[in-house]
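Report on one structure; see the data block that follows.
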Amino acid sequence: MKEADIAATDRVPETPADSSLRRTEEFRTWFFLTIVMAPVLAVLTVAGFGFVVWMYQLVAGPPGS
Amino acid sequence: MRDLLKRYWRTLSTPSKFYSLGFLVVSGFIGGILFWGGFNTAMELTNTEQFCTGCHEMRENVYQELQATIHFTNRSGVRAKCSDCHVPKDWTHKMARKMQASKEVWGKIFGSIDTREKFLEKRIELAQREWARLKANDSLECRNCHDFNSMDLTRQGKRAADAHSTALEQRTKTCIDCHKGIAHRLPDMTHAELR
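First to last, the sequence lines map onto chains A and B.
Going by numbering that gives the first Met the number 0, the residue at position 9 of the first sequence is 8; the numbering climbs one at a time, nothing skipped.
Going by numbering that gives the first Met the number 0, the residue at position 48 of the second sequence is 47; the numbering climbs one at a time, nothing skipped.
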């Protein structure tokens, strides 16, 4: 395959309809990642950590013992 | 569906065409600040007295008893709220405690102590758990306010001064060993496990 062909297959299609779809998709992806996924993952991580410490304390006794 | 996922995965894994790198970085940064602030605010909220006494199990039992004690009513106007004694300040242990509270939510939903009788029956178990916790951490939550080095033993009663200058100073005993039942009434101690 020639270099120009490789570039062509990688390129995002340039028709106005495709372009507008891509724009919508990018916005939705950004929105989902920033507003939903990152906060939920962060809360789950902290909750999971707290849960693990709790389980550890059930075995090892309360902190300081 | 597969196509949709594929398309969004493509959007996710290739550089943005319509949003600048600057916008994406800054929006992520600001989102992080807002999240952290919101997280801490929510954490603070769950430490308030209103939150704790939001369920009648706490409001009608332990909170009523607290109000008669010196930790609630006193001449100086300083007072302890639930979280001062029952929620560790250290972040790791605080998160662990907040997760333990999920069991309290469970108890609330299924009515583990929804009557005074059930509470009285359970209270020795609940109290002993807190005593064990305070004993293990050398009464850390007491010591957050009460500092042995700042105590003027000459202004204490003889019995208190004797105990504080011996057992407490030598660390053979910790606050909770003697001061059980100071902020809530004691449980029926006939079934207490001696330690």
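Every residue, glycine too, gets a C-beta built ideally from N, C-alpha and C.
A quick note: this is a predicted structure, and the numbers were derived from the prediction, not measured.
Query raised in the report: Between the C-alpha atoms of H85 (chain B) and F31 (chain A), what's the straight-line distance to the nearest angstrom?
Result: 37 Å
Query raised in the report: Between H92 (chain B) and chain A, is there a C-beta pair that is closer than 9 Å?
Result: yes
Query raised in the report: For the putative contact between I175 (chain B) and K134 (chain B), defined by C-beta atoms under 8 Å, what is the C-beta separation to the nearest angstrom?
Result: 6 Å
Query - Three-state class that DSSP yields for E146 (chain B) in the structure shown - result: The question names Glu, but residue 146 (chain B) is Asp in the sequence shown. Coil, per DSSP.
Requested in this report: Write down the C-beta distance between P61 (chain A) and N73 (chain B) rounded to the nearest angstrom, noting that I regard them as a contact closer than 8 Å.
Outcome: The pair is not a contact, with the Cβ atoms about 29 Å apart (cut-off 8 Å).
Query raised in the report: Apart from the five residues on each side of it in sequence, which residues of its chain come closer than 8 Å, Cβ to Cβ, to T52 (chain B)?
Result: R58, Y62 and C81
Query raised in the report: Do we get a CB-CB distance below 9 Å when we pair A126 (chain B) with the residues of chain A?
Result: no
Report task. Taking M188 (chain B) as the query, report the chain A residues whose CB atoms sit under 7 Å from its CB, ordered along the chain. Result -> The contacting residues do not exist; M188 (chain B) stays about 21 Å from chain A at best.
Requested in this report: Determine, using beta carbons only, whether R170 (chain B) comes closer than 9 Å to chain A.
Outcome: no
**Report entry** Distance CB(R10 (chain B))-CB(T28 (chain A)) smaller than 9 Å
**Finding:** Looking at the sequence provided, one finds Thr at residue 10 (chain B) rather than Arg. Contact: yes.
Requested in this report: Measure how close the beta-carbons of T66 (chain A) and S26 (chain B) come, nearest whole angstrom, since I'm counting them as under 8 Å.
Outcome: Given that chain A is displayed from residue 0 to residue 64, the structure contains no residue 66 (chain A) and the question cannot be resolved.
Report task. With 7 Å as the C-beta to C-beta threshold (strictly closer), list the residues of the stretch 31 to 49 of chain A near chain B in chain order. Result -> T33, A37, P38, A41, V45, A46, F48 and G49
Query raised in the report: Taking the alpha carbon of P87 (chain B) as the point to measure from, which residue in B:N46, B:G37 and B:Y18 has its own alpha carbon closest?
Result: B:N46
Query raised in the report: Do I112 (chain B) and A191 (chain B) come within 9 Å of each other at the CB atom, strictly closer than that value?
Result: no
Report task. Using the Cα positions of T171 (chain B) and Q99 (chain B), report the straight-line distance between them to the nearest angstrom. Result -> 30 Å
Query - Nonlocal neighbours in the same chain, by C-beta distance under 7 Å from K93 (chain B), ignoring five residues either side - result: V86 and P87
**Report entry** Neighbouring residues, chain A, relative to K157 (chain B) (Cβ below 7 Å)
**Finding:** Chain A residues near K157 (chain B): none, gap ~31 Å exceeds 7 Å.
Query - chain A residues whose Cβ lies nearer than 9 Å to that of R16 (chain B) - result: Residue identity check: residue 16 (chain B) is Lys in the sequence provided, not Arg. The contacting residues are V11, S18, R21, R22 and E25.
Query raised in the report: Of all Cβ atoms in chain A, is any one closer than 9 Å to the Cβ of M0 (chain B)?
Result: no
Query raised in the report: Between the stretch 18 to 36 of chain B and the stretch 143 to 160 of chain B, do three or more beta carbon pairs fall short of 8 Å?
Result: no
Query raised in the report: In chain A, what lies closer than 9 Å to M10 (chain B) by C-beta?
Result: Checking the displayed sequence, the identity of residue 10 (chain B) turns out to be Thr instead of Met. Ordered by position in chain A, the residues that pass the 9 Å Cβ test against T10 (chain B) are R21, E24, E25, R27 and T28.
Requested in this report: Within its chain, find whatever has a CB closer than 7 Å to the CB of G44 (chain B); leave out the 5 residues flanking it on each side and keep chain order.
Outcome: One detail in the question is off: residue 44 (chain B) reads as Leu in this sequence, not Gly. Counting only Cβ-Cβ distances below 7 Å, and skipping sequence neighbours, we find F50.
Report task. Starting from the beta carbon of N136 (chain B), find every residue of chain A whose beta carbon is closer than 9 Å, and list them in chain order. Result -> P61, P62, G63 and S64
Report task. Tell me whether the beta-carbon of C144 (chain B) lies closer than 9 Å to the beta-carbon of D89 (chain B). Result -> no
Report task. Report the rounded CA-to-CA distance for W105 (chain B) versus V39 (chain A), giving the unit in angstroms. Result -> 22 Å
Query raised in the report: Leaving out the 5 sequence neighbours to the left and right, which residues in its chain are closer than 6 Å to S127 (chain B) when beta-carbon positions are compared?
Result: The amino acid at residue 127 (chain B) is misidentified as Ser; the sequence shows Gln. If we look at Q127 (chain B) and ignore the five residues flanking it on each side, it has no Cβ neighbours.
Query raised in the report: In the structure shown, what three-state DSSP assignment does S101 (chain B) receive?
Result: helix
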